[in-house]
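Student: I am attaching a structure below and will ask some questions about it afterwards.
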Amino acid sequence: MSDHEDIGRLPVRKTYKLYVGGAFPRSESGRSYPVTATDGSLLAHAAQASRKDVRDAVVAARKAVAGWSGATAYNRGQVLYRVAEMLEGRREQFASEVAAAEGIPREQAAKQVDAATDRWVYYAGWADKFAQVAGSTDPVAGPYFAFSLPEPTGVVGVLAPQESSLLGLVSVLAPVLTTGNTAVVVASETRPLPAISLAEVLATSDLPGGVVNVITGVTAELAPWLASHRDVNALDLTGAAPGERAALQRAAAENVKRVYVPRDLDWQRDPGTSRLSPFVEIKTVWHPIGI
Amino acid sequence: MAPRFEYAPAPESRDIARLKPSYQIFVDGAFRDGSGESIKTINPADETPLAEVSEAGPSDVDDAVDSARRAFDGVWGRLPGRERGKYLFRIARAIQERARELAVLESLDNGKPIRESRDVDIPLAAAHFFYYAGWADKLSHAGFGAGPRPVGVAGQVIPWNFPLLMASWKLAPALACGNTVVLKPAETTPLSALVLAEILAAADLPPGVVNVLAGGPAIGAALVAHEGLDKVAFTGSTEVGRTIQRTLAGTGRRLTLELGGKAANIVFDDAPIDQAVEGIVNGIFFNQGQVCCAGSRLLVQESVADEIVTALQRRLSTLRVGDPLDKNTDVGAINSAAQLAKIRELSQSGEQEGARRWSPDCDLPDRGYWFAPTIFTDVSPANRIAREEIFGPVLSVLTFRTPAEAVEKANNTPYGLSAGVWTEKGSRILWMAQRLRAGVVWANTFNRFDPTAPFGGYKESGFGREGGRHGLEAYLDV
Amino acid sequence: MLQQADLRDVTRDDTSLRRFLHGLPGVDQVGAESRAALLATRSIKTTAKAWALDIAIRMVDLTTLEGADTPGKVRALCAKARRPDPSDPSAPSVAAVCVYPDLVATAVEAVHGSPVAVASVATAFPSGRASLPTKLHDVKDAVAAGADEIDMVIDRGAFLAGRYLQVFEEIVATKEACGPAHLKVILETGELATLDNARRASWLALLAGGDFVKTSTGKVTPSATPPVALVLLEAVRDFAGATGERRGVKLAGGIRTAKQAVRFLVMVNEVAGEHWLDPSLFRFGASSLLNDLLLQRHKTHTGAYDGPDYVTVE
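Going down the list, the sequences are from chains A, B and C.
Residue 291, in the numbering used here, is where the first sequence stops; the numbers in between run on with no holes.
Residue 1478, in the numbering used here, is where the second sequence stops; the numbers in between run on with no holes.
Residue 2314, in the numbering used here, is where the third sequence stops; the numbers in between run on with no holes.
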């Protein structure tokens, strides 16, 4: 309280809410849960989302598909790069939050933030290149021109990594967006605060509302709703507990979801295209060649 | 008035198929009786038995998977790509050499017209082996990193609509990448896969690299659930695909699925009408409509709907339905009694729900499984025949007014395998192609297949691609 | 579908005609080729083949259109036309002989008393590069000499330049000059280059009153290709659908074998319909084709392959 006396003002604390459809609602359930630092001290109360929040987030994500997937790849790259610019500008804030969330020294947390920013830049740059790498012209045996190109899968449910609250989150989210998908992200259950701050960055960047939706709460409670949702096209199981994965995969089979089970959780490593390919569909188009 | 130009029967001889009285499963490089039942495979065109087929039992699945594992660890997984490739080239050539025999065999067992088995199924099967043969020693250039490794042992379950072609779609990329395989053909069409096993043996493919198990759904289920596999590939119904996806949940085994479809074939008022009519006919009557990518929903712009339907009716009246071995047959037999019952049931529902049914006059044979080419008009998007995969020679005609409406209606299905667009306006083709949620978009053509062109579904039509460079991914450890 | 009233209207002026022709559905070349190739897979055997060979013979316009043609050559051709197979009286005679206008009189005399008609090319065949009065004079000469049928050429230059009404009016004038003679309109599709043009030219000729549309002069390659035949057959089919009038198709150039001819008959049967399987609605303009039809006919009737020494050379 000595600061208070010295500065003469009370710091304004942040209310951590959900990010759905470009807005920051509380959970429709009215629930919240305490988020603590690794030492057990209270950091904040985060919104504890319900299945209805998952539902709303999927609706928002679906609504955003046409615009985001229909944007030019160049435009998506620009928008994503703008996010990186804003991350850089909030470096100090994120370093503090990551340090608090993950219980690591501030200097180490800052490196995580830098890596996250760089990763965002990496994926921003992929936006108008991936189709060239993953696409092809198909030299078919006939008078036809055939080409194949990657298209976004649609709405991707992302269970963000539980440990790496920012770099991990960025590493799973950015590739989904790069190829034109929209996302419903279930943030790290115990370390959700950097995710909400990232949502604030996204909200003030040029990313259209609904392209990314971030919900916080109990992963094991929320993930099954995402997995069984028939308007979700793909599911990234990165943040699911190993014991829960089988059940989620079973639920995901309901609408033949594409399910991504990561093999590598080393967020420092160059991801290559390993997280771009799982969330695209290859479309092949044929047309006759004649006069 | 001139006399009718009656085409005299021009049947291929069934002797060409060199049918044997009985066929055995192929495990660890040898043919043997399976531990399952012995069944008779029948000719769907006349319901006569073709041959006895010894089916696999659960112990055969174990043996086949073990054999495939030994072959993977011992030989195939270590063989240089160059050598693997030469085996595949050999196989491609052997299929070409025995093409006529395989075509007749396929038409006998499946009921498809000899023209199709001769001109499409068998040549494409050979082409797939030929294409992937060349990849075997070039995998480092396929875009999956340097020296990509095979996945291991693959279990592959294929359908009855294109028996040999589906076997080739599955086997060729798997083998090219260095995997070994246990393949299960469909219960009603096991023969060509078992003859392919003869070809593999004659090509000196090491024992266990490919095992072929005849059997029904229970053997298929046992195979896909087998813990000795690293990878499962399935082509068939969405219902079964979903079950397999559930079965493999949590196992870490890899899966690709090529499932059902309810493709929209979209015809605009500026289409090349005569070619569109051909494309519509090919789209739904090719292989009696028993094609997952069949253009079963005709979406026609309202302003040309009457003209198109009239032209279609005229064209259908020239389709020749009958003996699959007759070179002049356009539409053959339905593959099985069960499939015929399903087609009948759905067609009846179409009538009950108020759609108008039309078929040309055609004399169907008394014996065998036959269904006349059928068009439903006045179909509403809510009718079952507009939503469910019929997998038969039944076309549902719906109309639209604007391009946006066409896209909306085309995409209004849980499936997403293929789509057709007919218009002479180039920019509209690309606009449509961009928006159709389907793995293959045929513009001003339909039902084209090529080993270099990836094929596979969006949404509930499955995931993974077969064909082309993309088809390698499912069989590489990437 | 098109209404008769519409059709009268479309030839009112250049603009209407252009709008109509350009409004016809396009032809996708690859699709048309694959349709033609599919039809070519039909296997015509035994009784069907025997029937097809005979009707093919009856559809032949036995043709000689050489600078070196003489009365002697034409008389020999006419003899062959009347009785293609001297050893087999059951072999039918051909539909017509086709000659240059100056040899019409010779031909008329040589076919006298037989069902064989005399056709004459005219209108500055094969290029059509002459003034209209000259072309019409050419036609009248041939008709006056007794020609039953006139094979005119259209002005491809005018067509390609978009002067459709000019082409139309020339055909109308030629038809008038024909009097009772039947008019076949040679489109020379090889010079029109695209199947879209083949369709437009077909309709133009049909609207102008041509009794037949004919692919080619035989002097330009490509001539009667299967996709071109397909497009012409579709045109007469659709014209009949719109007007109720059946007009004919003649394929000329490059058809040398019975196998080709039978394939075309399959196409006629399945595209235009069985009504067109008649010499009044379908013709082959050919010379060497007839001998191959006779060879195949012999094989079909006797079971043994024949040799070229057993058919006559004119």
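Think of the CB as a built atom: it goes at the ideal place given N, C-alpha and C, for glycine as much as any other residue.
Here the structure is a predicted model, which means the values were calculated and not measured.
Name the DSSP bridge partner or partners of residue 2152 (chain C)?
Tutor: To locate residue 2152 (chain C), count along the third sequence from 1; it is residue 152. In DSSP, residue 2152 (chain C) forms a bridge with C:2122 and C:2185.
Student: List, in chain order, every chain A residue whose beta-carbon is nearer than 7 Å to that of residue 1470 (chain B).
Tutor: Along the second sequence, read from residue 1 onward, the residue named residue 1470 (chain B) stands at position 470. Those are 148 and 282, listed as they occur along chain A.
Student: Is residue 1451 (chain B) closer than 9 Å to residue 1409 (chain B) when the C-beta atoms are compared?
Tutor: As a first step, residue 1409 (chain B) is located in the second sequence; it is residue number 409 there, counting from the start. As a first step, residue 1451 (chain B) is located in the second sequence; it is residue number 451 there, counting from the start. For residue 1409 (chain B) and residue 1451 (chain B), no; Cβs fall outside 9 Å.
Student: Along the chain, which unbroken stretches of the alpha helix (DSSP H) at least 4 residues long are found entirely within the segment 2188-2225 of chain C?
Tutor: 2189-2192 and 2195-2207, all fully within the segment 2188-2225 of chain C.
Student: Any beta carbon from chain C within less than 9 Å of residue 143 (chain A)'s own beta carbon?
Tutor: Working through the first sequence from its first residue, we reach residue 143 (chain A) at position 143. Judged by the 9 Å Cβ criterion, residue 143 (chain A) is in contact with chain C.
Student: State yes or no: is the beta carbon of residue 2225 (chain C) nearer than 9 Å to at least one beta carbon in chain A?
Tutor: Locating residue 2225 (chain C) in the third sequence gives position 225, counting from the first residue. Residue 2225 (chain C) does not count as touching chain A.
Student: Residue 139 (chain A) CB to nearest chain C CB: under 9 Å?
Tutor: One-based indexing of the first sequence puts residue 139 (chain A) at position 139. Judged by the 9 Å Cβ criterion, residue 139 (chain A) is not in contact with chain C.
Student: Would DSSP call residue 281 (chain A) helix, strand or coil?
Tutor: Position 281 of the first sequence, counted from the start, is the residue given in the question as residue 281 (chain A). It is a strand residue.
Student: Compute the Euclidean distance between the alpha carbons of residue 1087 (chain B) and residue 1227 (chain B), then round it to the nearest angstrom.
Tutor: What you label residue 1087 (chain B) is simply residue 87 of the second sequence in a count that begins at 1. What you label residue 1227 (chain B) is simply residue 227 of the second sequence in a count that begins at 1. One C-alpha to the other measures close to 28 Å.
Student: Taking C-beta to C-beta, are residue 2117 (chain C) and residue 2169 (chain C) nearer than 9 Å?
Tutor: As a first step, residue 2117 (chain C) is located in the third sequence; it is residue number 117 there, counting from the start. As a first step, residue 2169 (chain C) is located in the third sequence; it is residue number 169 there, counting from the start. No, the Cβ-Cβ distance between residue 2117 (chain C) and residue 2169 (chain C) is not below 9 Å.
Student: For residue 28 (chain A) and residue 38 (chain A), what's the separation of their Cα atoms in angstroms?
Tutor: Locating residue 28 (chain A) in the first sequence gives position 28, where the first residue counts as 1. Locating residue 38 (chain A) in the first sequence gives position 38, where the first residue counts as 1. Distance between the alpha carbons of residue 28 (chain A) and residue 38 (chain A) is about 28 Å.
Student: Output the distance between the C-alpha atoms of residue 2209 (chain C) and residue 2175 (chain C), rounded to the nearest integer angstrom.
Tutor: By 1-based counting over the third sequence, the position of residue 2209 (chain C) is 209. By 1-based counting over the third sequence, the position of residue 2175 (chain C) is 175. When rounded, the distance between both Cα atoms is 7 Å.
Student: I need the DSSP call for residue 123 (chain A), collapsed to helix, strand or coil.
Tutor: Here residue 123 (chain A) corresponds to residue number 123 of the first sequence, with the count starting at 1. Residue 123 (chain A) falls in the helix class under three-state DSSP.
Student: So which of C:2163, C:2159 and C:2215 has the shortest CA-CA distance to residue 2185 (chain C)?
Tutor: By one-based count along the third sequence, residue 2185 (chain C) stands at place 185. The shortest Cα separation from residue 2185 (chain C) among C:2163, C:2159 and C:2215 belongs to C:2215.
Student: How long is the line joining the alpha carbons of residue 1001 (chain B) and residue 2094 (chain C), rounded to whole angstroms?
Tutor: What you label residue 1001 (chain B) is simply residue 1 of the second sequence in a count that begins at 1. What you label residue 2094 (chain C) is simply residue 94 of the third sequence in a count that begins at 1. Residue confidence for residue 1001 (chain B) is low, a pLDDT of 42 falling below 50, so the modelled location carries little weight; the figure read from the coordinates is stated next. Taking the straight line joining both Cα atoms gives about 18 Å.
Student: I need the boundaries of the beta strand (DSSP E) containing residue 145 (chain A), first residue and last residue.
Tutor: Here the question's residue 145 (chain A) lines up with position 145 in the first sequence. Looking at the DSSP string, the run of the beta strand (DSSP E) that includes residue 145 (chain A) is 144-152.
Student: Leaving aside the five residues before and after residue 1 (chain A) along the sequence, list all residues of the same chain whose C-beta is less than 8 Å from its C-beta, in chain order.
Tutor: Counted from its first residue, the first sequence places residue 1 (chain A) at position 1. Any reading at residue 1 (chain A) must be qualified, since the residue scores a pLDDT of 44, below 50, and its modelled position is unreliable; no value is offered.
Student: Starting from the N-terminal side, write out each stretch of the beta strand (DSSP E) that is 3 residues or longer and does not extend beyond the segment 181-258 of chain A.
Tutor: Taking only runs of at least 3 residues, the beta strand (DSSP E) segments lying wholly in the segment 181-258 of chain A are 182-186, 212-215 and 234-236.
Student: Taking the straight line between their C-alpha atoms, what separation do you get for residue 1407 (chain B) and residue 2196 (chain C)?
Tutor: One-based indexing of the second sequence puts residue 1407 (chain B) at position 407. One-based indexing of the third sequence puts residue 2196 (chain C) at position 196. Going by the C-alpha atoms only, they are around 28 Å apart.
Student: Run down chain A in chain order and give the residues with a C-beta less than 7 Å from the C-beta of residue 2228 (chain C).
Tutor: Numbered from its first residue, the third sequence carries residue 2228 (chain C) at position 228. Per Cβ cutoff of 7 Å: no residues; residue 2228 (chain C) is ~13 Å from chain A at best.
Student: So within the segment 1312-1393 of chain B, which uninterrupted alpha helix (DSSP H) runs reach at least 4 residues, ignoring any that extend past its ends?
Tutor: Runs found: 1337-1352 and 1384-1387.
Student: Alpha carbons only, please: which of B:1262, B:1136 and B:1042 is nearest the one belonging to residue 1462 (chain B)?
Tutor: For the purposes of this step, residue 1462 (chain B) is identified with residue 462 of the second sequence, where counting begins at 1. Considering only alpha carbons, the answer is B:1262.
Student: Please decide whether residue 1009 (chain B) counts as near chain C, where near means a Cβ-Cβ distance under 9 Å.
Tutor: One-based indexing of the second sequence puts residue 1009 (chain B) at position 9. Yes, its Cβ sits closer than 9 Å to a Cβ of chain C.
Student: By Cβ distance, which residues of its chain are closer than 7 Å to residue 1059 (chain B), with the 5 residues on each side in sequence left out?
Tutor: Sequence index remark: in the second sequence, residue 1059 (chain B) carries index 59 (1-based). Excluding residues within five positions, the ones whose Cβ falls inside 7 Å are 1035.
Student: Could you check if residue 1321 (chain B) is buried or exposed, using at least 16 other CB atoms within 10 Å of its CB as the buried criterion?
Tutor: Residue numbering aside, residue 1321 (chain B) sits at position 321 when the second sequence is read from its first letter. Flag for residue 1321 (chain B) reads buried.
Student: Note down, in chain order, every chain B residue with its Cβ under 7 Å from the Cβ of residue 1971 (chain C).
Tutor: Chain C is shown only over 2001 to 2314; residue 1971 (chain C) falls outside these bounds and no answer can be derived.
Student: Using only CA atoms, which one of C:2296, C:2161 and C:2134 lies nearest to residue 2085 (chain C)?
Tutor: Within the third sequence, residue 2085 (chain C) is the residue found at index 85, counting from 1. Looking at the Cα atoms, C:2296 is the closest of the given residues.
Student: Buried or exposed: residue 1466 (chain B), going by 16 or more other Cβ atoms within 10 Å of its Cβ?
Tutor: Residue numbering aside, residue 1466 (chain B) sits at position 466 when the second sequence is read from its first letter. So residue 1466 (chain B) counts as buried.
Student: Quick one: measure Cβ to Cβ for residue 1099 (chain B) and residue 1123 (chain B), integer angstroms, because I've assumed they're closer than 8 Å.
Tutor: Working through the second sequence from its first residue, we reach residue 1099 (chain B) at position 99. Working through the second sequence from its first residue, we reach residue 1123 (chain B) at position 123. Residue 1099 (chain B) to residue 1123 (chain B), Cβ: 7 Å. Contact.
Student: Determine whether the Cβ of residue 1148 (chain B) lies closer than 9 Å to any Cβ atom of chain A.
Tutor: Reading the second sequence from its first residue, position 148 is the one you call residue 1148 (chain B). Answer no: the Cβ-Cβ gap between residue 1148 (chain B) and chain A never drops below 9 Å.
Student: 9 Å is my cut-off, CB to CB: does residue 2202 (chain C) come that close to chain B?
Tutor: Position 202 of the third sequence holds residue 2202 (chain C). No, its Cβ sits nowhere closer than 9 Å to a Cβ of chain B.
Student: Please classify residue 1292 (chain B): does DSSP put it in a helix, a strand, or coil?
Tutor: Position 292 of the second sequence, counted from the start, is the residue given in the question as residue 1292 (chain B). Residue 1292 (chain B) falls in the coil class under three-state DSSP.
Student: Assuming residue 2021 (chain C) and residue 2200 (chain C) make a contact with CB atoms under 8 Å, what is their CB distance in whole Å?
Tutor: Locating residue 2021 (chain C) in the third sequence gives position 21, where the first residue counts as 1. Locating residue 2200 (chain C) in the third sequence gives position 200, where the first residue counts as 1. Contact flag correct, Cβ pair sits at about 4 Å.
Student: Whole-angstrom Cβ separation of residue 1296 (chain B) and residue 1284 (chain B), contact assumed at under 8 Å?
Tutor: The sequence position of residue 1296 (chain B) within the second sequence is 296, counting from 1. The sequence position of residue 1284 (chain B) within the second sequence is 284, counting from 1. Between residue 1284 (chain B) and residue 1296 (chain B) the Cβ distance is about 6 Å, and since that is below 8 Å, they are a contact.
Student: From residue 1385 (chain B) to residue 1341 (chain B), what distance separates their C-alpha atoms?
Tutor: Here residue 1385 (chain B) corresponds to residue number 385 of the second sequence, with the count starting at 1. Here residue 1341 (chain B) corresponds to residue number 341 of the second sequence, with the count starting at 1. So the two alpha carbons sit approximately 15 Å from each other.
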